[in-house]
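Taken in order, the sequence shown gives residues 85 to 666; the numbers are from our numbering.
Every residue, glycine too, gets a C-beta built ideally from N, C-alpha and C.
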Amino acid sequence: MTEKESHVALLKDIIENKAITTVFQPIISLKDGTIYGYEALSRGPAGSSMHNPEMMFQTAREHGCLWDLELVCRTCALESAYQSKNDLKLFLNVNTNIIHDEKFMSGFTKEYIRQFDIDAENIIFEITEKNAIEDMYGFKKTIEHYKNQSYKIAIDDAGAGYSGLNLITDIKPHYIKLDMKLIRDIDKDGIKYSLVKSLYEFSKLANIHLIAEGIETYDELSSLIHIGIHYGQGFFIQPPHGQIKPISEEVINGIVELNSKKYSLYGSHISNLYIGNLANQTKTVNPRVLSDIVYDMFLHNDSLSGICITENDKVLGVITKQDIFSKMSGLYGFNLYQRKPIFSLMQAEFLTVDYKTPIDVVSRLAMSRAEDKLYDFITVTKNEKFYGIVTVKNLLEKTIELEVINAKHQNPLSGLPGNLIIEQYLTNYLSSCEELCALYFDIDNFKSYNDVYGFENGDNIIKLLSNTIQCHIDSDAFIGHIGGDDFIAIIKQESIESICSDIICEFDTEIRKYYNQYDLAKGYITAKNRHGQPENFPIISLSIAAITKAHSEITDMNEFSVHVGEMKRKCKQIPGSVFLLT
85 MTEKESHVAL LKDIIENKAI TTVFQPIISL KDGTIYGYEA LSRGPAGSSM
135 HNPEMMFQTA REHGCLWDLE LVCRTCALES AYQSKNDLKL FLNVNTNIIH
185 DEKFMSGFTK EYIRQFDIDA ENIIFEITEK NAIEDMYGFK KTIEHYKNQS
235 YKIAIDDAGA GYSGLNLITD IKPHYIKLDM KLIRDIDKDG IKYSLVKSLY
285 EFSKLANIHL IAEGIETYDE LSSLIHIGIH YGQGFFIQPP HGQIKPISEE
335 VINGIVELNS KKYSLYGSHI SNLYIGNLAN QTKTVNPRVL SDIVYDMFLH
385 NDSLSGICIT ENDKVLGVIT KQDIFSKMSG LYGFNLYQRK PIFSLMQAEF
435 LTVDYKTPID VVSRLAMSRA EDKLYDFITV TKNEKFYGIV TVKNLLEKTI
485 ELEVINAKHQ NPLSGLPGNL IIEQYLTNYL SSCEELCALY FDIDNFKSYN
535 DVYGFENGDN IIKLLSNTIQ CHIDSDAFIG HIGGDDFIAI IKQESIESIC
585 SDIICEFDTE IRKYYNQYDL AKGYITAKNR HGQPENFPII SLSIAAITKA
635 HSEITDMNEF SVHVGEMKRK CKQIPGSVFL LT
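This is the structure we're talking about:
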């Protein structure tokens, strides 16, 4: 029997005996690490030539039994998913030229799916753009047929072929899975980063969810979270496994930390942002490592710009790629230094700053260095221990990016973050395990004041409240301007009552300066109410609704908004300035 005949015989045996093993790789949220769904992957018998799915499907295509193999793989995947008793999404790979086969269509009815106790809306067909589609018109009709039955469609390996954009516009998928080639080294490749960021911006406009495939490193994950990619999968998160397993705490904590770092960057003035939020890990060596070893580290890593020489978590010096290449090049350089310890070549004087140093301060320090050191990286310490480094390129890029983002989304009157950034912080607040408190500020009788004293004076009162809040709340807390006379702050649950009391006390004192003596003596102003009738309105007061994270088990944004509305109504029913704490 020839090798080819052996392959065919093995394939037929696999189909007849359903000798397929299904493994599952989780697809998780890159916001909080929760599992969104699983991709079902088929494997042939272990140790055989058909264990590799590409070999197995290629043989099936060549010998006209692709549909039979697809049926077996699909059945095994659904049976395995049913056994796991979960209500998560199941992503199934489907060949583009078989999905509109009548046998496939008749075999994927809602009735068929129900026997596995799976809802059709939890099934996602993954269609790869690597396979050419022979009949695009018929294919599009078939896709619509599946969409109408509540199935979802994903474009797999987007970016691996050249027809991907046409395929996306033709079938309008619910998901786009970014090919692992786009993800590999995205933290080091500016072109890939820009391309994925553009696809993300497109996906927001088109209401399509992006899934990053093949995440293999922490730095790749960090870049994807920074861009805003919705979901991800890969060996760094969890390799495919025959059993559905939980995501490791280490991965979940890493995702939560990266998101916290991201959110803490947006919404504050640049002078309130810490350099530690920009710090990245880098290679470190002890001072006794030989220089030729360090030289090789630079030689074999194009993205490595510098190395820190550390001992007992203290930075003793730094060495840049330019420095070591300069010293160890030439006729005698390498021979002279190769066997010397790296401390003999390192810079003992370098710019180092604490984690909580504001970014604008670090920028000034970096630019005040000698010209030959102007673009050397900056080392960051935390609790007097080495934490990471920040390159000047990253510092400048991030500074510009933050200024543009904050200018775009700041309220022009108060200069505080507006609703887009507030929403990001609230999402983070609701999913956070920290003991936090959300404070909602609302001015009472503000409309009547505007009607009598004019909008310019009304704007001055809004500025008064903004300044008062900022004076009494730590700079590392979040303060946002919802709009009009409504503000929000998210703070730690320490001294909430004293903070609210101090804000109310100062506001009540200062607000009197915005009335004339006649109205102050009366204690009210007369203006038309919402029904157009004259009414007496008391002097402006302030309502603060405080919702603590420990008290509230709410994690849904809509439910949280309803709760906040109820709290604000209770505040309004109490005369004068007041705060309510739940």
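For residue i, which residues of its own chain have a beta-carbon under 7 Å away from its beta-carbon, when the five flanking residues on both sides are left out?
i	result
Val378	Val369, Ile391, Ile403, Ile408, Ile426
Leu388	Lys367, Met381, Phe382, Lys405
Ile557	Ile563, Ala573, Ile575, Ile583
Gly417	Lys411
Lys478	The identity of residue 478 in the sequence shown is Asn, whereas the question assumes Lys. For Asn478, where only same-chain residues beyond five positions count, the Cβ hits under 7 Å are Leu362.
Arg596	Leu604
Ser498	Ile546, Lys547, Ser550, His565
Val280	Leu262, Leu266, Ile270, Ile311
Gly360	Tyr439, Lys440, Val464, Lys466, Tyr471
Ile506	Gly564, Ile566, Ile572
Ser234	Ala204, Glu205
Should residue i go down as buried or exposed, given a rule of 16 or more other Cβ atoms within 10 Å for buried?
i	result
Leu415	exposed
Asp386	exposed
Tyr524	buried
Asp240	buried
Gln508	buried
Glu210	buried
Gly502	buried
Gly274	exposed
Val476	buried
Lys482	buried
Thr465	buried
His82	What the structure shows of the chain is the stretch from 85 to 666, and residue 82 is not part of that stretch, so it cannot be assessed.
Val178	buried
Ala161	buried
His325	exposed
Pro257	buried
Ser375	buried
Does the distance from the CB of residue i to the CB of residue j come in under 9 Å?
i	j	result
Val340	Gly117	yes
Gly312	Leu305	no
Asn529	Ser625	yes
Asp271	Lys224	no
Lys656	Asn343	no
Ser287	Ile321	no
Ile104	Gly131	no
Leu486	Leu308	no
Val399	Thr436	yes
Asp569	Ile527	yes
Gln577	Leu514	no
Val646	Ile631	no
Ile79	Ile227	Any question about residue 79 goes unanswered here, given that the chain covers just 85 to 666.
Asn495	Gly567	yes
Phe539	Ile588	no
Ala124	Ser164	yes
Ile119	Leu172	yes
Glu331	Ile112	Here residue 331 turns out to be Ile, not Glu, going by the sequence shown. Going by C-beta atoms, Ile331 is nearer than 9 Å to Ile112.
Whose C-beta lies closer than 6 Å to the C-beta of residue i among residues of the same chain, with five residues either side of it excluded?
i	result
Met451	none
Tyr537	none
Ile365	Residue identity differs from the one stated: residue 365 is Gln in this sequence, not Ile. Closer than 6 Å at Cβ, skipping near neighbours: Gly472.
Thr394	Thr368, Phe470
Asn613	Glu619
Glu300	Gly318, Phe319, Phe320
Closer than 8 Å by C-beta to residue i: which residues in its own chain qualify, once you throw out the five before and the five after it? Chain order, please.
i	result
Thr143	His91, Val92, Leu95, Met134
Tyr166	Phe200, Asp201, Ile202
Lys469	Asp397, Lys398
Thr159	Lys102
Does residue i get closer than 9 Å to chain D when you measure Cβ to Cβ?
i	result
Arg158	The chain inventory of the structure shown lacks chain D, comprising one protein chain alone.
Could you give the uninterrupted runs of the alpha helix (DSSP H) lying entirely in the stretch 583-657, keeping only those of 4 residues or more? 601-606, 641-656
**Report entry** beta strand (DSSP E) runs contained entirely in the stretch 100-126, provided each spans 3 or more residues
**Finding:** 105-113
Would you call the stretch 602-610 and the stretch 540-560 in contact, with 3 or more CB pairs under 8 Å?
no
- Using 8 Å as the Cβ pair cut-off and three pairs as the minimum, do the stretch 257-277 and the stretch 296-305 touch? yes
Can you list, in chain order, the stretches of the alpha helix (DSSP H) that have 4 or more residues and sit fully within the stretch 261-302? 264-267, 274-290
Q. Is the stretch 88-108 touching the stretch 151-159, taking contact as three or more C-beta pairs under 8 Å?
A. yes
Item checked: 4 or more residues per run - each alpha helix (DSSP H) lying fully within the stretch 369-435 -> 375-383, 405-411, 417-421
Counting Cβ pairs, one atom from each stretch, are 3 or more of them under 8 Å apart for the stretch 610-626 and the stretch 531-539?
yes
| Residue ranges of each beta strand (DSSP E) run of no fewer than 3 residues wholly in the stretch 437-501, ordered along the chain? | 462-466, 469-474
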